[in-house]
Structures are given as C-alpha cells and as structure tokens.
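In what follows, a structure is listed as structure tokens, so that the remarks can point back to it.
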Amino acid sequence: MLTKTYKTFYLWLEEPRLHDRSISLTSLPPQYAPERLSRVLGGDPQLWLELVNNRKVQETISHLVISCQTEPSYCKNSARGDSQSRLSPEERILKRLKSYEEPLPPPPVPPIRTVIPVLGEDIFRHPSQMMKVLSSDLKVLVGQARVLNAQAAKLSTLDSQYMNVVSELYQNVPSQVRLTLSCSQPNGCTGPITVCLRFNQAQRDQLRFVSLDNIRANWASILAEMLRGPSPTACCSMLRIEVCLTRLIQKHRVAAGTESKTLSTLGAEVFFELIATLNQETTQYEPVRQFLMSCLEMIGEEFISNNPEQCLPVLKVIMKDPTMVQYVAPFFTPFSVRVDEYVKMYKSIVSRLSPLFYSAVFVLLTKFDLQKWLYSKVTDGAVQRQLIDGVEKALSKIGMNPDKDVVQLLDMYQLHLQTLLMFQFPDHYNDILQVILRGVNTCSVPITVGFVFMHALGLTLSPGTAPDPQLLIVLRGFSMKQCLLNITLLKDSMEAIGIHFEKLRNDDVAASKQGLYGKLQPYLGFLSALFGLVSHCMVWEACKTSDEQSDQQLAKVLDCIYRMYSPWLELREGKKAYPPWMPGEAEQASFITGVFVMCLEFFHRSCPGAASFSVLSEVWQRYFTMYVWNECPDYVVSTLHAKLSSLPWSDFMPTLQDMMLMCKVPEPKHAEHMHLLVTVFQAVPWAHVLARVAEDEPQDTVKAYYSCFAEVLMKCAWCPEMNEANALQLLIPSIVKLNWSILPVDLVCSQQMVFEASCNATNILLLHKQGSMPDMILLDFLAHLSCMTPSEKLCSDPATVQKQKSYITMLVRLFNKAMDTTDSLLKHHSSSIQQLLPRLIKLCQRVIDTGLDHHFSHSSTLIAESLTLISVTSDTQIQDILLDGLLQWIASSSASTILLPFLFCACRNLACISHMVAASEVCITSYFASSQILPADGGWAQVVAVFSVPELSLNEFFEACGQKYAYFTQYCYVLHRLPQCRCLADEHALLVQLVECIGRTIPNSEDCEPKLLLLWEKVFALAIRQLDFGANPRSVHKILEDFSATLSVLGEDKSAAGLWGAIGLGKKSTLSVNFRFCCKAVCAFVTSQMVEPGVIRLEPWRAEDTWKRSPASAQALARLKALKTNRAYVALSSEIDEALATVQDCTKSLRDGLSVIHMLVNNFYANRVYCRILFFGVM
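Under the working numbering, the first residue of the sequence shown carries the number 6, and numbering increases by one thereafter.
Put into structure tokens, the structure is as follows:
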C-alpha cells in the first residue's frame, strides 16, 4: 500500500494541472487518490493511520516493555547530571554559550553611490548645458533601440532561412527492392516469382539538416540576448531625462517674468529635440517609443499647447514629416492664433494636399474647428471668401472621384463648406453656388459636394437618387416646407444656372453640337436634383404668393423654368438643328428630362384654379414647336416621350372626332410620333369613356365609336410602350364585358387580319412563353370581337357564325405559321403543340349552345375548321403530335356534348385515314365512358348515324384499324356496312374482312380485350347468315377455322413463336387471364361445331347423326379441361365448368354461339356499356 501511496505522491508532483483550483478532483482516475488529494488541498491535519501497520507497532511496543522489565536500568552521566542540576536554567545556557567559538565581527558596508548625478540649478540657467545632457541621453536610447531592432531583423532573416531550408530538407530518391516469393499453389509452380518494386524514397539532406541546427542555435542565442533586460546605461539615461523634464516643468510653473520666458523657450527647444529623436528606429522599439511619448506629453502640455508662438512651428514639423502628426497633433491649437494667421495656416494646408499628407491634413483640419472659430471670432466677408477659396482649391485637388483614402478628408472639407454656407445665410449662397458650378464646369469638384450643398439647404438625397416618383414626393414636400429660399433668391439662382450652362453650350463647340451630357455626365445626378429643388421651390413660391394666380405671372414662371432647362433639352439652331444630346446619352438625358417633367406635373397640380392657363397645353405647344417642326431625331423624341408620358393625360376625354383623328396618326409620315398617341391612349380611362358613350350616345354613334376604338387599339397594341407599361393587361379586362357584338363583320374580319399580320405567331402557339402575354391579351379581346367568348345568351346567327369561323381560321393559320417558322419546335415545345387542337375544340365548345336545335351544325362548322390544322401542316411528326394531343383531350372529355359532332367531323375532315381511325376510336371510347344516361343499345345507334368511312380507302382503313387497335371503329364500320350489303357475297366479303382484322392484331391493353367480343358476335351472326342463306359450307368452314386458329393463338398462356416457343419456353402472354379463358372457351365451342368432313352443325346433335368431332375440337376441349388444374385459372373454376358444359352439350350448335358470347359478357364484362348491343341490338 505504501508503494501505491508513493506512486500517487509522484503523480501529484509531476502533474502541474493538479494545482489549478478550477479542476474537478472528483473526475480524476483512481491512481490519483482524489479523496486524499482533496483532504490535503483542503488543509485537513488528520493522520492517515490506515497506512500504518498497527500489528507491527503493537508487537514492537510489547517487546520493548518486556525488555525494559527484564533488564536493569542505569544512567551513565549521573555525576555530571548532579553537578548541573545545581545550576539554574539561565546559568546553564550561558555556560553552554561560552563553550562555543568567539562570534565574528559584522561585515563591512560598501559606500553607496547615486545612480543619477544630482542636477544643479545652473543647468536650467544655461539651456545649452541641459540640451547637451539631454542629447547625450537621447543618443543612448537611440543606440539601445538600434541594437534591439537589428536583433529583431536577424531573427526575421533566420526565420526566412529556416523556412527555405525546411522545404528542401527531404528529397525523393528513386529506389527499388527485389522480392522473391515462393509458390503457394497446391499443384506447384514452375518456380518462385521475383518482384521488383520501384518507388521514391524520402531521403534527408544531411547538409541542410546541419544547417537547420545552426539556424536554431543562432536563433536561440539571439533570442536569449533580446530577452535580457535593457542595459543599465539606458535605464540611467531614461531616469536622467525624466528627472530633467520634471524639474523643468516644476520650475516653469513657479517662475515668473524673464525666467518664465526663458524656461518656455527651453521647453519648446526640448520638445522639438524630442520630436527629432522620434524616427523609424525609436518608434519600432516599444519601450523607447512609449518613454518618448510620455515625455512629449509632459512637455507639450506645458510649453506647446495653446501657445500662439509655437502653433506655426508645430505645423511646419508636420508639413515636413507627416508621420509626426500622431505625436504632435495633440499640441496643435490654431484656435489660439490671430485671424490672419488662422486663414494663412488653413490655406497652407491645402497647398500640401497629396496622398502622402492625407492623414496628416485630416487630423489638422479637425483641430481648426471652423464652426466654433467663425461664431467666436469677428471676421468680415473678405476673410470668409478666402476660406471659401481655400475649400474650393482643396476640393479641386481632391478631384471628381476621390480614392478611399481621401474620403474622410473630403467629408471634413464638405463640412467646412456647409458651415460657410450657413454662416450668415444667404451672404455666401451665390458664392458657393458659383464654386460648385465652376467645379462642375471643369469636372474637378467631387460629386458629393453638390449633395452636401443641398443637404445644407434642407434636402437630403443620396448620390444615386434617380428621378422617380419617390423623388417627386421628396421635392414636393421640401418645396412646401422650406423657408430659406425666397422667390427672389430662387429666380436669381435659376437665371444664374441657366446663363452659366447656356454660355457653356454656346462657347464650347463640342457642347453646342453634341450637348452637355457627355461633358458633364458624372454630375447629372446632382444637377437633376439641383434643378428639381430650385424649380419646385420656384413653382410653390409663385403659386403660394400669387393669390389670384394670374395667367401672366404663371406664364413667366413657366418661361423661367424653360430657360433653366433650355441648354439641356432644346435643339440648337445653326446650319442645322443640333440635338441636345447624342444617341448614346439617352439614359443620362433621362435624368434632366425626368426632373423637368416632374416640375411640370407639380406646376400643373399646384395651379388648378387658373382661368385659361394650362400647363399641359403649353407643354404640348412647345413640344410641337421645338421638336416636331424641326425634325428632331428619333432617339431624342423617344426619350422625351418616355418622360412626358408621366404627365396627367388622364384628364383627356376624346370625342368621336378625336377617335377618328387617332386612327390617322399611325400613318407613315407620323410614325416617329406614334409614342405620343400611345401615351395619350394609355392615360385615357377607356372603361369609363366607353361605358359613358354607350349610355349617352345613339346606337349608330356607339357602333362608330367602338369601331374606331377597336381600330386604334389594334394599331397601338404593337407599340413597345404598350407592352412595357402592361397597358393591355390593365385595359382589356375592364372593357371586354361591353357589347362588342354590334361591330360589323367586315371590321371584325379586318381586325383579325391586322392581328394575324402583326402578332408573333409563336407567342400564340406557346402560351407560357416569356413575352407572350400582350399577344394573348389581344387575342382575348379579339375573341370578344368575334363572339368567341361564353355569354348569358349565346347567339348563332349567320353573322356571328361567320365571325367565329373566321376567328378559328385565323388561329389555324397562326398555328401553322408558327410551326413552319419556329426552329427546334418539336425538340423544345412538343407539349405546347400537343395542346393546340384541344385549345381550338375548347374554344368551340364554350360558344355552342346545346339547347338550340341547330347546335349540331354549329358545332360541326367550328370543329371542322379546327381539324384543318392537321391537314394544312406538312410535317408528319407535327401531325402525329397534334393528333396525340387531340386524342388525349378526347379521352379525358367523356362528359363533353360535342363528341358526336367531333366524330362526324373526324370521319369527313381528316384526310389521313390513320388519323381518322385513331380519332374515331378514341371518340367512341370516350363517348361510351360518359356518365350520362345512354339508350338501351349503349348509344351505338347515335354513333353509327354520324360515322362514315371513305369507300376508296378500305384497305388502308383496315390496316389503320389493326395498327391502332381500333376495334370500336371496326365494329362501327360493320354496323355501318351491314345495311349496305345488297347480296350474300357482300356479307361474305365483310365476314372475311372481319376475320382477317381479328387475326391481324393482338389487344394491347386490358381495356381493348372486351371490344373483341363485339367482333366475335358479328362473326357468329354473319357465319350463321351465310349458312342459312345457302352459302358454300366449306367456305364458311374455312373462315371459322381461321377464326378458331386466331382464338387459339390468343388463348395461349405462352407464346409459341420461335424456337423457344416450340419447346414450350416462349414469353408469357400479355393478355389477361379472363380474356385468354374467353378465347379458349369460344375456340372450343367453335371447333366443337365443326365436324368432318367440313360440316358445321346448325342443329342439335341427334342419335342418328354419324358426324365425328375434328382433332382440332378435341385439342381445344383438352386445353379447356386443362385449365381446371392450372393455378392461374383457380379463380375461374365455376366459369370453366360452365364453359365445359356448354361445349360438351350436344344440344348446342353454332346458333348458340351468341349465347356463349352473352355468357362471357355476363361473367366478365357486365359493366361495359358498349356490350349492351349484344343483348338489345341497335335501337
């Protein structure tokens, strides 16, 4: 146990983390004895008696007791003890002390010398002595800093050398190893195998390894030297400097008169000596830098701060070395100097404005505190203008696009400019406005200066502000609330701005020909905001001060606004009219134009009570005078129109004459001004206007008005501005409910032609294509014009039907045009093509009133026109896709009321027999899937009544029926053909065709399987008729043999085709179990009625009959019986028994074949509506 305890003590001593009080002792492992450790750390003095061998202790004590009792006791020093017992304790102690050696004398004490010599008073009376002492001590500090910096540089060099050597310490050396492997196969090998492994081995460069050791040794030695404390000499120098400076400050504070001035001069000299000591070496060594900083703070606060005589020298030091600003700036106090010196220093800073001095100049400008200085000093206008000139020069040096390093400095100068502007406002308003305009003219002033100027006036905008409705709200609000700018000041400002830029455009040849936008492009954001500020304030002040709002006064205000904007917007007269901007400057021109239009709108809304003055009228006249008559370039017109569209044209209420004039605007000679018509057209509230016309005007006027509107709309609709503003999406839904059926047929057809010629056919085809919304909106409007929309009262008069038919024809042509012109249509938009015919059929369906007597002819007319889309398309792939979409829609529209009209049209209007068969099959299938109540025969009479087959293409028809699995169509053909058979030979031919069709295809789905039972029933019926009416029995026998052979193949559980089928390993049949059973049952029944030699039983089997069953009959019966043991047919056991009983019943004959079909239908397909005809026939 003691061994474990000592090991635990060892662990306690070796693990330093155990002395951390934050550690949890309870989480320590058992070998650390956490309970005992916690008792030790807690100061528990209780002994650990569990570590003592108590039994051994007891034995030892017992042994000692026994030995003490048995041995005699004696005392060796009894005599000496007796002699000492007579002495007192004090005497014994003294006697004992005398027996030792004599004590040594005290150690010598060396003389103590002062580290810092005592400074006498003479040193402060002779500045040269003090400067000499300080210079020598400062040199010591500089030397100490130089040594430490050199050592730090050596460490950095060694680090670089170390990294370079480490990267090359190991090299890849190509190596190889040969291994011989013995045979491990039980049968033995020809011999062992030798394997050669080639690889790159990492090999250490010994020279570089030794170099690393040397570098580490040098690095450690240099680091050890650096970690030593500073030299005693340097420490003494620091102490001596501190004592000197402290004594100097103390004496200065109590001195007076000449002595105080002398000490002040000495203090300034000491301050600049300390500044001279601050160099790269001393500032990199932190102890020396901090010491010098503390000394500068002591001396600067005492001798430099608030000392007018030292302000300029301090500025010179900073201007000489801008890095000194962080040490000297706290003691630079220009506020204490005279006014002329203040202005001189302020302007001198501007002269040194360069990237090297940015930080220094910024710090110095913070010391000037221009606002406090202006309000505390008495200055005249000349001094303030000098300061403005200084700010102007500084802003010019900073430039138009300042770097990030000068942003703070720019903010400071902008603050000073704002301070000068607001000091004794508006004394310097025009001066600063001219400063900004001159800077804009030369492109030298920063862009943000103009926004600071407006901010000082009370309007805060960001440099990226665009002329949008939000800016209009801001300018309106500012103009109504501001109180700094009166109407006189605003008028002067507008005249000054107009004259300035008018002179610039006239004097500058490039500006005269190309406009001002290219030259002043960076400042357009500010200029537009400035123009908006001045013009909005001018408008509000004029409207506010003019109670009567005289026309003359308002006209002058508008003229003043035009003169300010004239250099930017109007053409310049010369040998030819020069445009105000170039083609690539439309975006820049929109800034000025936008603010100009905002001002016009504000002016219009601010003077609604004017008697005869109309801003909109004036704008209209000036527009035509300046731009239309002078043949203004299109790009200028488009920019102006884009902005003029925001004016309140919604007050315009067109008359019938106006509408007739609008119809003439799209003529070619006015095409460039079409945008103006579109602008007006978009602004007019047409829903209200058209409704009012319908209420107030006679029918003929309404018809003419609506006709003009439709014509103007169809001509304006294709303008880009209509699409960009979503005007059609907003306008057409609000007017489609009006009575558009009054329009004449000729007008509607002409507008359909306009639409067809103007629209993008691809947009009409692809509903969800980006950018197709305008075309679709117009198409919807055109549908209302053509009466192709559902309404409460559907009309089918000849005029309406003609409009509808023309509309469908137009869509067919557009679809065909899009399919012919669109590249990669099938690859990317096959789904859209697939939905074309369903779209047309749906359009037809929603305008057909099934309650009318002639709805069938109405439906047929529109559907027949729709189906021509397949015929007019030349691409067979597109035809197939169109047909697929049509078939899918028909299959999903079992409740549609136009299925029979569609079947009628499909049989007569689809040129391709294959398309006709597919469409007819799906249409009949969907018809029988309808949830509506059908006649007793399932509706076959109605289907057959509209069905038709081209007589000249019967072979192609039967081939298509086989390919499309069109069993309904085949059956419909049989029902349609039977009444047309004029003799037994015709019926025989029909029977042969029917059996051949049955044998040509195999049902491709479980839904197709019961359809074959309809055909089987017709086979039985026609065969019986042949035999009843004296046809050749052998011919009928041959037909029934083919029929039974087909049934036998269909009833096989596995395919017998090919080699695998011959040996019974064919593929599993894809037909259902029920249908295969039906095939086997009918096959067995048919073959049982075919007896030798080539005779078919039509009567029950009699006792005297000598007929024998054919081998095929026996085989079919055997296959039917085998089903009872087939696991796949377990669920059909009762049906199998019933079928066997029927087949083996001698009383049954071929005439009972229909009952066999009925039995199968009742067992498996009782819910199939189309099978009713088997029971009830055609009703």
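Idealized CB from N, CA, C, for every residue including glycine. Since we're looking at a predicted model, the values are computed, not measured.
Straight-line CA distance for residue i to residue j?
{"i": "residue 941", "j": "residue 1173", "result": "12 Å"}
{"i": "residue 593", "j": "residue 652", "result": "20 Å"}
{"i": "residue 788", "j": "residue 815", "result": "11 Å"}
{"i": "residue 1001", "j": "residue 974", "result": "15 Å"}
{"i": "residue 1032", "j": "residue 944", "result": "30 Å"}
{"i": "residue 914", "j": "residue 1079", "result": "39 Å"}
{"i": "residue 879", "j": "residue 937", "result": "38 Å"}
{"i": "residue 1092", "j": "residue 1171", "result": "26 Å"}
{"i": "residue 717", "j": "residue 599", "result": "28 Å"}
{"i": "residue 489", "j": "residue 588", "result": "39 Å"}
{"i": "residue 930", "j": "residue 1176", "result": "12 Å"}
{"i": "residue 565", "j": "residue 500", "result": "8 Å"}
{"i": "residue 200", "j": "residue 185", "result": "6 Å"}
{"i": "residue 1166", "j": "residue 1016", "result": "11 Å"}
{"i": "residue 51", "j": "residue 62", "result": "19 Å"}
Which residue from the options puts its Cα closest to that of residue i?
{"i": "residue 198", "options": "183, 350, 1079, 192", "result": "183"}
{"i": "residue 572", "options": "16, 538, 510", "result": "510"}
{"i": "residue 712", "options": "723, 698, 319, 724", "result": "698"}
{"i": "residue 1043", "options": "1100, 404, 688", "result": "1100"}
{"i": "residue 644", "options": "636, 700, 574, 671", "result": "574"}
{"i": "residue 830", "options": "160, 1093, 22, 767", "result": "767"}
{"i": "residue 311", "options": "297, 658, 339, 839", "result": "339"}
{"i": "residue 485", "options": "529, 398, 548, 429", "result": "548"}
{"i": "residue 375", "options": "386, 348, 398, 363", "result": "348"}
{"i": "residue 517", "options": "496, 540, 576, 563", "result": "576"}
{"i": "residue 905", "options": "731, 1165, 927", "result": "927"}
{"i": "residue 401", "options": "817, 429, 453", "result": "453"}
{"i": "residue 861", "options": "842, 843, 907", "result": "907"}
{"i": "residue 583", "options": "538, 832, 648, 514", "result": "514"}
{"i": "residue 851", "options": "1144, 899, 793, 812", "result": "793"}
{"i": "residue 512", "options": "446, 463, 353, 526", "result": "446"}
{"i": "residue 1018", "options": "1085, 1072, 984, 46", "result": "1085"}
Can you find the residues in the same chain that come closer than 8 Å, C-beta to C-beta, to residue i, ignoring five residues on each side of it along the sequence?
{"i": "residue 1074", "result": "1057, 1058, 1059, 1060, 1081"}
{"i": "residue 923", "result": "888, 892, 965, 969, 971"}
{"i": "residue 174", "result": "209, 210, 213, 214, 217"}
{"i": "residue 319", "result": "309, 333, 336, 337"}
{"i": "residue 839", "result": "886, 887, 889, 890, 893"}
Check the DSSP bridge columns for residue i and list the partner residues they point to.
{"i": "residue 201", "result": "183"}
{"i": "residue 1114", "result": "1096"}
{"i": "residue 206", "result": "178"}
{"i": "residue 577", "result": "583"}
{"i": "residue 810", "result": "Residue 810 pairs with nothing; no bridge assigned."}
{"i": "residue 1101", "result": "1095"}
Rounded to whole angstroms, how far is the Cβ of residue i from the Cβ of residue j, which I believe are closer than 8 Å?
{"i": "residue 5", "j": "residue 1028", "result": "Since the first and last residues shown for the chain are 6 and 1184, residue 5 lies out of range."}
{"i": "residue 273", "j": "residue 309", "result": "7 Å"}
{"i": "residue 981", "j": "residue 952", "result": "5 Å"}
{"i": "residue 764", "j": "residue 780", "result": "5 Å"}
{"i": "residue 456", "j": "residue 426", "result": "Going by Cβ atoms, the distance from residue 456 to residue 426 rounds to 13 Å, so no, they are not a contact pair."}
{"i": "residue 741", "j": "residue 817", "result": "Not quite, the Cβ-Cβ distance comes to about 23 Å (not below 8 Å), so this is no contact."}
Cutting at 6 Å between CB atoms, please list the residues of its own chain near residue i, excluding the five before and the five after it.
{"i": "residue 1188", "result": "Residue numbering for the chain in the displayed model covers 6 to 1184; residue 1188 lies beyond these limits and cannot be assessed."}
{"i": "residue 570", "result": "601"}
{"i": "residue 540", "result": "566, 604"}
Only counting the same chain, and skipping five residues up and downstream in sequence, which positions put a Cβ closer than 7 Å to that of residue i?
{"i": "residue 1022", "result": "1159, 1162, 1179"}
{"i": "residue 28", "result": "22"}
{"i": "residue 868", "result": "846, 849, 903, 906, 907, 910"}
{"i": "residue 750", "result": "804, 807, 808"}
{"i": "residue 1030", "result": "992"}
Less than 7 Å separating the Cβ of residue i from some heavy atom of the ligand COA?
{"i": "residue 898", "result": "Although the ligand COA was asked about, the structure shown includes no ligands whatsoever."}
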